[in-house]
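Student: Protein chains in written order, with UniProt numbering: chain W, 1 to 126; chain F, 1 to 122.
Each residue gets a CB set at the ideal place from its N, CA and C atoms; glycine is no exception.
Just dropping this structure here.
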């Protein structure tokens, strides 16, 4: 994994993250750890259990994330990766999609994959 | 200092420098700093400031809507996530943008190590 092109790694992570969110939201528990932090529309949440509780309690059952842009940069000597995403969130039954921006700070796991250490989500209102 | 207060103070300083003295941004970046500006990757304070001072507008004003921050790890860094509007002189409509900074502490102040900027098109 560490020899893969960082842009390819971040793109693969983003696709995996949002497909998990859209089809198996509880499965997001595999992408966070105890020290992980989420700020969701200004609300601060810490730890995988609290984070997944928040995401699975959002007031919609079905959604689809459509990604417009993915930018990534290495975050420093700890081999972390910053990923900055913008896109649209389509909720089942809603006519208009919601625009959003989200940033992830990914940290490597001993098994060669990544988990989300930092996560900040904001809707982009018109 | 409270991290939220530090992030807010940094954001105000960054954008007032950008809007009032764009070459002054050079003191906020270092040699290892990275900027991705609308998908274009730039490294190093000199190249970054060259890019920002060559943007096709003379006067602008950033109006900040939201600022979120989190500590980035044991090394004491801070992630700052900003959304707002960019008003260009002479343009009727403001441009919406989102930007993230990764700030690293250096002898009591912060500099920008990572910077990613994206316009939010309607």
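Going straight from the alpha carbon of residue 76 of chain F to that of residue 28 of chain F, what length do you get?
Tutor: Mapped onto the second chain, residue 76 of chain F falls at position 76. Mapped onto the second chain, residue 28 of chain F falls at position 28. Distance between the alpha carbons of residue 76 of chain F and residue 28 of chain F: 17 Å.
Student: Per DSSP, what kind of secondary structure is residue 96 of chain W in: helix, strand or coil?
Tutor: Taking the first chain and counting its residues from 1, the one referred to as residue 96 of chain W is at position 96. Coil.
Student: Going by the CB atoms, is the gap between residue 61 of chain W and residue 72 of chain F shorter than 8 Å?
Tutor: In the second chain, residue 72 of chain F corresponds to position 72, counting from 1. In the first chain, residue 61 of chain W corresponds to position 61, counting from 1. Result no, Cβ atoms of residue 72 of chain F and residue 61 of chain W do not sit closer than 8 Å.
Student: Whole angstroms is fine: what's the gap from residue 19 of chain W's alpha carbon to residue 81 of chain W's?
Tutor: Numbered from 1 along the first chain, position 19 holds the residue referred to as residue 19 of chain W. Numbered from 1 along the first chain, position 81 holds the residue referred to as residue 81 of chain W. So the alpha carbons of these two residues sit roughly 20 Å apart.
Student: Could you tell me which residues DSSP pairs with residue 86 of chain W in its beta bridges?
Tutor: For the purposes of this step, residue 86 of chain W is identified with residue 86 of the first chain, where counting begins at 1. In the DSSP output, where bridge partners are listed per residue, residue 86 of chain W has W/69 and W/101.
Student: Using DSSP with H/G/I as helix, E/B as strand and the rest coil, what is residue 110 of chain W?
Tutor: Start at 1 with the first residue of the first chain, and residue 110 of chain W comes out as number 110. Coil, per DSSP.
Student: Return no unless some Cβ of chain F is closer than 8 Å to the Cβ of residue 84 of chain W.
Tutor: For the purposes of this step, residue 84 of chain W is identified with residue 84 of the first chain, where counting begins at 1. Taking Cβ atoms only, chain F reaches closer than 8 Å to residue 84 of chain W, which makes this a yes.
Student: Looking at chain F, is there any beta carbon in it that lies within less than 8 Å of the beta carbon of residue 97 of chain W?
Tutor: Position 97 of the first chain holds residue 97 of chain W. For residue 97 of chain W, the answer is no, since every Cβ of chain F falls outside 8 Å of its Cβ.
Student: Rounded to whole angstroms, what's the CA-CA distance from residue 95 of chain W to residue 55 of chain W? Just pull it up for me.
Tutor: Position 95 of the first chain, counting from 1, holds the residue named residue 95 of chain W. Position 55 of the first chain, counting from 1, holds the residue named residue 55 of chain W. Roughly 22 Å separates the two Cα atoms.
Student: Can you pull the DSSP bridge partners for residue 29 of chain F?
Tutor: Position 29 of the second chain, counted from the first residue, corresponds to residue 29 of chain F. In DSSP, residue 29 of chain F forms a bridge with F/112.
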